[in-house]
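Have a look at the structure below before the remarks.
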Amino acid sequence: MFALLSRPRAPFRALLTAFAAMASCVFATSSSAQEIRFFRIGTGSISGVYFPIGGTIASAISNPPGARSCDLGGSCGVPGLIAVAQATLGSVANVKAIHSGNLESALVQADVAFNAFFGKGTFKGSKRMTGLRAIANLYPEAVHIVVRRDSPIKSVRDLKGRRVSLDLDGSGTRALALLVLNGYGVDPRKVKQVNSQIGPASDRIRLKNIDAFFFVGGFPVGALSRLARDAQIRLIPVDGKEAAAIQGKESFLSATRIPAKTYRGVGDTATVAVNAQWVVSAKVDDETVYGVTLALWHSATRRLLDGSVPAAQGIRSDRALEGLALPLHPGAARYYLDHGMLKDPTKDQGKN
55 MFALLSRPRA PFRALLTAFA AMASCVFATS SSAQEIRFFR IGTGSISGVY
105 FPIGGTIASA ISNPPGARSC DLGGSCGVPG LIAVAQATLG SVANVKAIHS
155 GNLESALVQA DVAFNAFFGK GTFKGSKRMT GLRAIANLYP EAVHIVVRRD
205 SPIKSVRDLK GRRVSLDLDG SGTRALALLV LNGYGVDPRK VKQVNSQIGP
255 ASDRIRLKNI DAFFFVGGFP VGALSRLARD AQIRLIPVDG KEAAAIQGKE
305 SFLSATRIPA KTYRGVGDTA TVAVNAQWVV SAKVDDETVY GVTLALWHSA
355 TRRLLDGSVP AAQGIRSDRA LEGLALPLHP GAARYYLDHG MLKDPTKDQG
405 KN
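Residue numbers (this note's numbering): 55 to 406.
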């Protein structure tokens, strides 16, 4: 399996240029007629969940020239494709990067994808990003609101006047954090925002430099598991009439619970969740998207996902079409039609 992992500070164009030069030498003696193509997958913070899952998917769909064949235990990805999992600020930044052509695809919260496509929520007043398409629904992500166990903060309302990280601009976490605060009647301007990604936020709460932080991710989140081992923490619930009202405003949210002992010393906690989805540019050709969809649901990929972070185990083909926020890319739609997962509307034409 082969993939590249790219951090946001790395000059991406230089990285690809250098690798292309290396690849042209390595693969010159085999499959010389096969074109090498790069396919970028935007993820999120390197301390979050999107980055390792994006890396796993990148490995699954990559199949560089000269790689051992699938039937011999090698790559089962798209011939000639080298996928790159690229660290980013998160969902909001990801859809903007797809729209601008700086990414081919990305992992994105369903609510963010929908709002970007229709110009709602965070994107109200902006040009609609109608070039976004779906490859698959992936797995659920829960809203985590983390405080120290001895904190007097018991409710979202108690965050008023406190030092809180809502994550950085460009993240899906921040978009949902603002929605939750407003849902509880807390003006985000009345919160002392000390915003950072999950890694620095975990350090700050351990050092008592902040009082709480938000993170949206499939549980258990590795960074939070480590934090719970090093420090005593609690999770603030998102429940009751406020949670119901929030779900009413954002149809892609659903009620969920983070079970007791998911994190050391943390009890069962009610919250809301949103699905992570794999989004692609409509400009990517149908054959490539068909190929990456085929590779995503290949049995060899199941083994890779099960060996990745826990949230990746929730990526299943029987959920691939659940609650999609965007139109399917034609290449992905053809895969699902070919495999009997999607009904062909033309077959019913002419019937009474």
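Using N, Cα and C, we set each Cβ at its ideal position, and we do this for glycine too.
(request) Can you tell me which of K214, S256, A282, V132 puts its alpha carbon nearest to the alpha carbon of V320? (result) Minimum Cα distance to V320 is reached at A282.
(message) My parser needs the beta strand (DSSP E) runs of 3 or more residues fully inside the segment 215-264; what are they?
(response) 217-219, all fully within the segment 215-264.
(message) Going by beta-carbon coordinates alone, are I264 and A255 separated by less than 9 angstroms?
(response) Yes. Within cutoff.
(message) For F306 and P133, I'd like the C-alpha separation in whole angstroms.
(response) Approximately 35 angstroms, taken between the alpha carbons.
(request) If I'm right that S159 touches V292 with Cβ under 8 angstroms, what's the distance once you round it to whole angstroms? (result) Not quite, the Cβ-Cβ distance comes to about 30 angstroms (not below 8 angstroms), so this is no contact.
(request) Going by DSSP, name the residue or residues bridged to H198. (result) DSSP output for H198 lists F269 as bridge partner(s).
(request) Identify every run of the alpha helix (DSSP H) within the segment 99-135, keeping only runs that are complete inside it and at least 4 residues long; order them along the chain. (result) Within the segment 99-135, the alpha helix (DSSP H) runs of at least 4 residues that lie entirely inside it are, in chain order, 104-115.
(message) Tell me the residue span of the beta strand (DSSP E) that contains Q163.
(response) Residues 159-163.
(request) Express the C-alpha separation of K337 and A285 in angstroms, rounding to a whole number. (result) Each residue's Cα considered, the two are about 47 angstroms apart.
(request) Classify S335 as helix, strand or coil using the three-state DSSP reduction. (result) S335: strand per DSSP, three-state reduction.
(request) Grab the span of the alpha helix (DSSP H) containing T176 for me, first residue to last. (result) Segment: none, T176 is in no alpha helix (DSSP H) and carries neither H nor E.
(message) Mapping the DSSP letters down to three states, classify Y344 as helix, strand or coil.
(response) Residue state, collapsed to three classes: helix.
(message) Out of M183, V197, V346, which one is the CA nearest neighbour of A379?
(response) Of the listed residues, the one whose Cα sits closest to A379 is M183.
(request) Measure the C-alpha to C-alpha separation of S279 and T316 and round it to an integer number of angstroms. (result) Computed Cα separation, rounded: 8 angstroms.
(request) Tell me whether T310 sits in a helix, a strand or coil according to DSSP, three-state version. (result) Residue state, collapsed to three classes: strand.
(message) At the level of alpha carbons, what is the spacing between A349 and A147?
(response) Approximately 26 angstroms between the Cα atoms of the pair.
(request) Using 10 angstroms around the beta-carbon of L192, count the other beta-carbons present and answer buried if the total reaches 16, otherwise exposed. (result) Note on L192: 16 or more other CB atoms within 10 angstroms of its CB, so buried under the neighbour-count rule.
(request) Reducing DSSP to helix, strand and coil, say where N148 ends up. (result) It is helical.
(request) Please classify M76: is it buried, with 16 or more other beta-carbons within 10 angstroms of its beta-carbon, or exposed? (result) Summary for M76: the model assigns pLDDT 42, below 50, so the residue's position carries little reliability, and this model does not support an answer.
(message) Would T355 and A386 be called neighbours here (beta carbons separated by less than 9 angstroms)?
(response) No, these two residues do not count as a Cβ contact at 9 angstroms.
(message) Just to confirm, is the Cβ distance from G330 to Q163 under 9 angstroms?
(response) As written in the sequence, residue 330 is Ala, which differs from the Gly given in the question. Cβ distance < 9 angstroms, so A330 and Q163 count as in contact.
(message) Contact between the segment 167-177 and the segment 117-126 is defined here as three or more beta-carbon pairs at a separation below 8 angstroms; is this criterion met?
(response) Per the Cβ contact rule, the segment 167-177 is not in contact with the segment 117-126 (fewer than 3 Cβ pairs under 8 angstroms).
(message) Quick check on Q286: does DSSP put it in helix, strand or coil?
(response) Coil.
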